[in-house]
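According to my numbering, the sequence shown holds residues 28 to 157 in order. Ideal Cβ placement from N, Cα and C applies to all residues, glycine included.
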Amino acid sequence: MLRKSFLVFFILCAAILIGCSKTETSNSNTAAENSNKSATSTTSTTGTTAASGEKIGVPECDDYIAKYESCLRGKVPEAARAQLESSLKTARDAWRKSAENPQAKASLAAACKQASDAAAASMKAYGCTW
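If you want it as structure tokens, here you go:
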């Protein structure tokens, strides 16, 4: 039952990532909007930096998080970054909680591998290589 729940959760995360992978092509930014984005990006980057040092304890999950964060910081436009960071935080929190349960931790490696494969495909839209 728990294994199926994890699979559903990670498929949902993959669907969210794929849905969020479209880039915004609008060029109607004003100076005020750009200054607000700069302030927001500083705040969200600081929050991500604090969470990025936390390991799950499962190599596949830790590898996924490192690659995903690298892509977010290096390639994803500001307009999409906050939502993708939120999705990563949700996944990280769920994996950390699952890793506390020895029975769930056994299936966590496979779930992280599936999430990594899905993210590798969806993050290609931003030029990220996995």
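| How is the alpha helix (DSSP H) around K140 delimited, first residue to last? | 129-149
| query | How should A118 be labelled, buried or exposed, when 16 other C-beta atoms within 10 angstroms of its C-beta is the threshold for buried? | reply | buried
| query | Three-state secondary structure (DSSP) at E112? | reply | helix
| Expected contact under 8 Å - CB spacing of C88 and L135 to nearest Å | 6 Å
| task | Give the single residue among K116, E105, G101, A107 whose Cα lies nearest to the Cα of K186. | result | In the structure as shown, the chain begins at 28 and stops at 157. Residue 186 is therefore absent and cannot be evaluated.
| query | At which residues does the alpha helix (DSSP H) containing C88 begin and terminate? | reply | 86-101
| field | CA-to-CA distance, Q141 to T156, given in whole angstroms | value | 16 Å
| Rounded straight-line distance, which links the Cα of V103 to that of S114 | Our two residues, S114 and V103, have alpha carbons roughly 14 Å apart in a direct line.
| query | CB Y95 to CB A152, shorter than 7 Å? | reply | no
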